[in-house]
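Novice: Here it is, the structure in full.
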Amino acid sequence: MSKVYETVIGLEVHVELATKTKIFCGCSTAFGGAVNSHTCPVCTGMPGALPVLNRQVVEYAVAVGLATNCKITQRCRFDRKNYFYPDNPQNYQISQLYLPVCRDGGVEIETEAGKKMIGIHEIHMEEDAGKLVHDEWEDVSVVDYNRSGVPLIEIVSEPDMRSAEEVIAYLEKLRLIIQYLGASDCKLNEGSMRADVNLSVREKGAEQFGTRTEMKNLNSFKAIARAVAAERARQIELLEAGKKVVQETRRWDDNKEYSYAMRSKEDAQDYRYFPEPDLVPVVIDDGWIARIRARQPEMQPEKFLRYQQEFGLPEYDAAILTGDKSFADLFEAATALCGKPKKVSNWIMVETIRLLKENGMAPDEIRFSPASLAKLVDLADSGAITNTVAKEVFEQIFRNDCDPGQYVEERGLGTVSDEAALRGAVEQVIKDNPQSVADYRGGKEKAIGFLVGQTMRATGGKANPGLVKQILKELL
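One point on numbering: in this note's numbering, the residue at position 40 of the sequence shown is 34, and numbering is uninterrupted.
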């Protein structure tokens, strides 16, 4: 009988915080600047340059800790993590080992298997390293220090996950919480959210953990799911062959769907941690925590319930709209302007999501204003434009955020409700479609729908469909 294996997974999630300046200096944290343009003596590790802690980093870290049910360490401090690598200009990283800012929390996830609590061991603050760029043509590596000193929180989970599905559910929950807080945009493609996967396997029912490996270079949820499946299979294959799993750090190549060893896995003692001598301890008193707690925004679970109760939205709509903060913000602002929540919801859930997919865009890349959407809803709802025209206008709003009223007026797209003008078009449609006319007169009510459609086509979608149907019935 073959053995049944269980996967044990814990995550280290690094999140770049949305501060305007770095954690220990005044350099910009903006993504995509010219190489080494966002640097100074502090973040490039020049001798004698001293760090000064950015207060906003502590505020964001505490806010995330409160939202993930953590205990706040009211007297915490920074430590030096010593290692030598070209992207680390000081030859040490300022991090937190002994007294992290948040501890002992957790978030609830939901998968097809049901609800489950994933424990959070700790959240600590630290500075990011620079970025190595490997030029294979020149056979050299160069370093960009723009990212050096960008503030991070590292969220270290307990080894509570047992499948890729649980890993993705946990990451999505964390991302949603952090985005709602405004603490980070959590863009995996820009590296502002990165996850290292610690994974081991053991026989089902065993109490002792197997030897774990850590996988890096995971920059999408799909890559993480593939890496979990591949590493699980690799470790099981080793164990089945009577070999040992080596504790090491592995790099995932998503194109080849293969991981390879980078280095043996270090333990804390390998980094020779000691208290950071250039920074005083951070004291977070009750009043500071209370002020941060008071500023916490309405989170997704509360919004989800409120959208159903206050706006009368179905559960499905509420789940989609609150599943991304950009959708929720757009929905609330547009609804406040036009007072038509279900119609605003429909435009977001159907046309907006369709155009985002077609253009390969994320919700936070929406460029049109809530005011433009609200005006479009009002125009369509009042009958000033037909549904066909409304879709055409929305595409222009989506691309250029134009004023819908002005666009309709300049192009003469308003609904044609002039009975005399429509009567001629209807008469021509009747003349051109004798079979449908005969079907209708023979008792087939649905035939009139075809004739309405032909009239709408003949008028470029601008005819008032109710009036067209009325004229058709009269003439038939």
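C-beta: ideal position from N, C-alpha, C; glycine also.
Small disclaimer: the values here were computed from a predicted structure and weren't measured.
#1: Could you tell me which whole beta strand (DSSP E) segments of length 3 or greater appear in the stretch 198 to 224?
#2: Can you list the alpha helix (DSSP H) stretches of 4 or more residues lying completely in the stretch 341 to 379, in chain order?
#3: Out of 141, 323, 390, state which residue places its alpha-carbon closest to the alpha-carbon of residue 83.
#4: Measuring CA to CA, which of 151, 427, 75 is closest to residue 98?
#5: Quick check: what's the CA-CA separation for residue 126 versus residue 251?
#6: Where does residue 410 fall in DSSP's three states?
#7: Here's a check: name, in chain order, each residue in its chain whose Cβ is nearer than 8 Å to the Cβ of residue 92, leaving out the five neighbours to either side.
#8: Can you give the Cα-Cα distance for residue 168 and residue 184, rounded to whole angstroms?
#9: Taking 6 Å as the limit between beta carbons, can you name the residues of its chain near residue 43, skipping five residues before and five after?
#10: Rounded C-beta distance between residue 95 and residue 56? I'm assuming under 8 Å.
#11: Please report the Cβ distance between residue 187 and residue 7, rounded to the nearest whole angstrom; I am assuming they are in contact, meaning their Cβ atoms lie under 8 Å.
#12: Just how far apart, CA to CA, sit residue 320 and residue 133?
#13: Using alpha carbons as the reference points, say which of 107, 370, 192, 295 lies closest to residue 243.
#14: Just to confirm, is the Cβ distance from residue 146 to residue 60 under 8 Å?
#15: Name the DSSP beta bridge partners of residue 332, please?
#16: Secondary structure at residue 402, three-state DSSP: helix, strand or coil?
#17: Along the beta strand (DSSP E) that carries residue 254, what are the first and last residues, could you check?
#18: Decide if residue 226 is buried, meaning its Cβ has at least 16 other Cβ atoms within 10 Å, or exposed.
#19: Note down, in chain order, each residue of its chain lying with its Cβ closer than 8 Å to the Cβ of residue 69, except the 5 sequence neighbours on either side.
#20: Near residue 375, which residues of its chain fall below 7 Å by C-beta distance, leaving aside the five closest residues on each side in sequence?
#21: Assign residue 410 to one of two classes, buried (16 or more other C-beta atoms within 10 Å of its C-beta) or exposed (fewer than that).
#22: With burial defined as no fewer than 16 other Cβ atoms inside 10 Å of the residue's Cβ, what is the status of residue 235: buried or exposed?
#23: Using a threshold of 8 Å, state whether the C-beta atoms of residue 190 and residue 166 are closer than that.
#24: In whole angstroms, what is the alpha-carbon distance linking residue 373 and residue 389?
#25: Measure from the alpha carbon of residue 86 to the alpha carbon of each residue in 66, 162, 355, 124, then state which is nearest.
#26: Tell me whether residue 369 is buried or exposed, calling it buried when 16 or more other Cβ atoms sit within 10 Å of its Cβ.
#27: Which of helix, strand or coil does DSSP assign to residue 151?
#28: Give the secondary structure of residue 27 by DSSP, where H, G and I count as helix, E and B as strand, and everything else as coil.
#29: List the whole-angstrom C-beta distance separating residue 471 from residue 298, where the pair is believed to meet the contact cut-off of C-beta under 8 Å.
#30: Assuming residue 229 contacts residue 195 under a Cβ cut-off of 8 Å, what Cβ separation, rounded to an integer in Å, is found between them?
#31: Let me know the secondary structure DSSP gives residue 4 once reduced to three states.
#32: For the alpha helix (DSSP H) containing residue 381, list its first residue and its last residue.
Specialist: Reading it off the structure:
#1: 207 to 210
#2: Fully enclosed alpha helix (DSSP H) runs of 4 or longer: 347 to 352, 364 to 375.
#3: Counted from its first residue, the sequence shown places residue 83 at position 89. Of 141, 323, 390, the residue nearest in Cα terms is 141.
#4: Indexing the sequence shown from 1 puts residue 98 at position 104. If we check each option's Cα against that of residue 98, 151 comes out closest.
#5: Indexing the sequence shown from 1 puts residue 126 at position 132. Indexing the sequence shown from 1 puts residue 251 at position 257. The alpha-carbon atoms of residue 126 and residue 251 are separated by roughly 22 Å.
#6: Taking the sequence shown and counting its residues from 1, one reaches residue 410 at position 416. Below a pLDDT of 50, predicted positions are generally treated as unreliable, and residue 410, at 49, falls in that range; no measurement from the model is reported.
#7: Residue mapping note: residue 92 aligns to position 98 of the sequence shown, counting from 1. Here the set comprises 71, 73, 267, 269.
#8: As a working note, residue 168 is residue 174 in the sequence shown. As a working note, residue 184 is residue 190 in the sequence shown. Cα to Cα, the separation comes out at about 17 Å.
#9: Taking the sequence shown and counting its residues from 1, one reaches residue 43 at position 49. Non-local beta-carbon contacts of residue 43 in its own chain, meaning distances under 6 Å to residues more than five positions away in sequence, involve 35, 36 in chain order.
#10: By one-based count along the sequence shown, residue 95 stands at place 101. By one-based count along the sequence shown, residue 56 stands at place 62. 7 Å between Cβ atoms; contact.
#11: Start at 1 with the first residue of the sequence shown, and residue 187 comes out as number 193. Start at 1 with the first residue of the sequence shown, and residue 7 comes out as number 13. Going by Cβ atoms, the distance from residue 187 to residue 7 rounds to 7 Å, so yes, they are a contact pair.
#12: On the sequence shown, residue 320 is found 326 positions in, with the first residue counted as 1. On the sequence shown, residue 133 is found 139 positions in, with the first residue counted as 1. Residue 133 has its alpha-carbon roughly 42 Å from the corresponding atom of residue 320.
#13: Position 249 of the sequence shown, counting from 1, holds the residue named residue 243. Ranking the options by Cα distance to residue 243, first place goes to 192.
#14: Numbered from its first residue, the sequence shown carries residue 146 at position 152. Numbered from its first residue, the sequence shown carries residue 60 at position 66. Not closer than 8 Å, so no.
#15: Here the question's residue 332 lines up with position 338 in the sequence shown. Note: residue 332 sits in no beta bridge, so no partner.
#16: In the sequence shown, the residue the question calls residue 402 occupies position 408. Residue state, collapsed to three classes: helix.
#17: Position 260 of the sequence shown holds residue 254. 252 to 258 is the extent of the beta strand (DSSP E) around residue 254.
#18: Taking the sequence shown and counting its residues from 1, the one referred to as residue 226 is at position 232. Buried: at least 16 other Cβ atoms inside 10 Å.
#19: The residue labelled residue 69 in the question sits at position 75 within the sequence shown. Cβ within range, chain order: 93, 275, 276, 277, 278.
#20: Translated into positions along the sequence shown, residue 375 becomes position 381. Cβ within range, chain order: 334, 337.
#21: Position 416 of the sequence shown, counted from the first residue, corresponds to residue 410. The predicted model places residue 410 with a pLDDT of 49, which falls under 50 and marks its position as unreliable; any figure quoted below should be read in that light. Residue 410 should be labelled buried.
#22: Counting from one through the sequence shown, the residue named residue 235 turns up at place 241. Classification for residue 235: exposed.
#23: For the purposes of this step, residue 190 is taken as residue 196 along the sequence shown, with counting starting at 1. For the purposes of this step, residue 166 is taken as residue 172 along the sequence shown, with counting starting at 1. It is not a contact, given that the beta carbons lie outside the stated cut-off.
#24: By one-based count along the sequence shown, residue 373 stands at place 379. By one-based count along the sequence shown, residue 389 stands at place 395. Spanning the two alpha carbons is a distance of roughly 15 Å.
#25: Working through the sequence shown from its first residue, we reach residue 86 at position 92. The shortest C-alpha separation from residue 86 is found at 124.
#26: Within the sequence shown, numbered from 1, the residue matching residue 369 stands at position 375. Looking at its Cβ environment, which holds 16 or more other Cβ atoms inside 10 Å, residue 369 is buried.
#27: To locate residue 151, count along the sequence shown from 1; it is residue 157. Residue 151: strand per DSSP, three-state reduction.
#28: In the sequence shown, residue 27 corresponds to position 33, counting from 1. Residue 27 falls in the coil class under three-state DSSP.
#29: This structure cannot settle anything about residue 471, because the visible part of the chain is limited to -5 through 470.
#30: Sequence index remark: in the sequence shown, residue 229 carries index 235 (1-based). Sequence index remark: in the sequence shown, residue 195 carries index 201 (1-based). So it is a contact: roughly 5 Å between Cβ atoms.
#31: In the sequence shown, counting from the first residue as 1, residue 4 sits at position 10. Three-state DSSP puts residue 4 in a strand.
#32: As a first step, residue 381 is located in the sequence shown; it is residue number 387 there, counting from the start. 381 to 394 is the span of the alpha helix (DSSP H), which, as asked, contains residue 381.
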